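Please read the structure below before turning to the comments.
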Amino acid sequence: MALIDDSRNLSGMTGEAGVGDYLALLKPTVMQLVVFTGFVGLVVAPGGINPFIAIIAVACIAIGAGGSAALNMWYDSDIDAIMSRTQNRPIPAGRMTREEALVFGMVLSIFSVALLGLATNWVAAGWLAFTIFFYVVIYTMWLKRLTPQNIVIGGAAGAFPPIVGWAAVTGTVSYESIVLFLIIFLWTPPHFWALALYKQSDYGAAGVPMMPNVVGEKSTKIQIFVYTLILAAAAMLPTFFGFAGWVYGTVAVVTGFCFSYLAWRLMVTHEDVPMRKAARTLFNYSLSYLFIVFFAFMTDNMLTRLGTFS
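Dropping the structure here:
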């Protein structure tokens, strides 16, 4: 596990953080998909849940995600100061101390787990706690600086929210929620490796062993394409297993084809500037892909419950 020098980046720090800085610690843009997929897991779970309790459960997922993001920024403030896309975050920019971020992240994390357990059940709370632990300890503190497989294994943290949402309603984990987990898990490598391709100089300067910096661009592009094909196939599992209908199936086929095409185009593009442009295009599309697939799954489920396709 990498060690952090607590003395770095403290000179000139004011510690006078504003509301906007605390909001930035939550990584609201990044965490939108996390919260949304957790919401979908809650909505599609069988049995139903009181709307007020559902709001609390989704809020707990959001707060837990924000707390873990704050702890990630606390630990990674040294490399955030090096990378161009993260240099203006509250800690490296000198608007907040590391101690403030640590306390903020711990309070949010503990509060979210406790409230979810009291409002729903302790199975869901346990999964939320494990999600936070996995993201902060397994991914951020251990894998991120150790191996180019960091995002493959560590990406599981971002795939747990549908399980948390499902468990909040049912108190259990089922194969349906595991399939939703699998879709996000397989989506993570092509999503982040596309980012790493056009930001590899940042990761290289920070010493983070992202795939392009370790094995090269060619191998990374091939792995992105392979993972995308597997993802497109896995996205059909809800229809294959019968817990999603033709609405979802159609969307999964179309979006999977588009994702695969963009990954193929990236793989066969070799010139530097066009390649980075193709990587950015794939990264941006991948954000939309996960939202569209999960929205289609939720819509399909709701239409089936209403008897539209019965």
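With numbering that gives the first Met the number 0, you'll find the sequence shown wraps up at 309, consecutive numbering, no jumps. Where is the CB? At the ideal position from N, CA and C, for every residue including glycine. Only a predicted model underlies this, so the values are computations on that prediction, with no experimental measurement involved.
Residue i and residue j closer than 7 Å at C-beta
i: Ala234; j: Val292; result: yes
i: Lys310; j: Met266; result: Outside the shown range of the chain (0 to 309) lies residue 310, about which nothing can therefore be said.
i: Gly170; j: Val106; result: no
i: Ala311; j: Ile52; result: As displayed, the chain neither begins before 0 nor continues past 309, which places residue 311 out of reach and without an answer.
i: Met204; j: Ile81; result: According to the sequence shown, residue 204 is Ala rather than Met. Going by C-beta atoms, Ala204 is nearer than 7 Å to Ile81.
i: Ile229; j: Pro188; result: no
i: Val168; j: Gly46; result: yes
i: Leu311; j: Met72; result: The shown model of the chain, from 0 to 309, leaves out residue 311, and the question about it has no answer.
i: Gly258; j: Thr227; result: According to the sequence shown, residue 258 is Phe rather than Gly. It is a contact, given that the beta carbons lie within the stated cut-off.
i: Ala158; j: Phe180; result: yes
Span separating the alpha-carbon of residue i from that of residue j
i: Val178; j: Val163; result: 13 Å
i: Gly11; j: Ile90; result: Annotation note: pLDDT 42 at Gly11 (below 50); position unreliable, coordinate value reported separately. So the two alpha carbons sit approximately 11 Å from each other.
i: Gly248; j: Ala44; result: 19 Å
i: Lys26; j: Ala231; result: 28 Å
i: Trp245; j: Met95; result: 50 Å
i: Arg84; j: Glu216; result: 20 Å
i: Leu289; j: Val102; result: 32 Å
i: Met274; j: Val213; result: 18 Å
i: Leu286; j: Trp126; result: 24 Å
i: Met140; j: Leu305; result: 46 Å
i: Tyr134; j: Pro237; result: 26 Å
i: Asn283; j: Thr28; result: 13 Å
i: Leu22; j: Ile152; result: 27 Å
i: Gly104; j: Ala128; result: 13 Å
i: Ala124; j: Glu270; result: 48 Å
i: Gly206; j: Val136; result: 18 Å
i: Ala295; j: Phe132; result: 30 Å
i: Val253; j: Tyr174; result: 24 Å
i: Ala166; j: Thr268; result: 43 Å
i: Asp20; j: Asp75; result: 16 Å
Residues near residue i in its chain [Cβ-Cβ closer than 6 Å; skip 5 each side]
i: Trp192; result: Met210, Thr219, Ile223
i: Gly255; result: Ala231, Ala234
i: Leu32; result: Leu289
Neighbourhood of residue i by C-beta distance below 8 Å, restricted to the same chain and skipping five residues each side
i: Val18; result: none
i: Met30; result: Ala61, Ala64, Gly65, Ala68
Close beta carbons around residue i, own chain, < 7 Å, minus the five adjacent residues each side
i: Gly37; result: Val57, Ile60, Pro160, Pro161, Val163, Gly164
i: Ala16; result: Pro89, Arg94, Met95, Glu99
i: Met297; result: Val39, Val42, Val43
i: Lys143; result: Asn149, Gly153, Val207
Which parts of the stretch 33-101 are runs of the alpha helix (DSSP H), unbroken and 4 residues or longer, counting only runs that do not cross its ends?
50-74, 76-79
4-residue-minimum alpha helix (DSSP H) runs that sit fully inside the stretch 132-207, ordered along the chain
149-153, 155-158, 160-169, 174-197, 199-205
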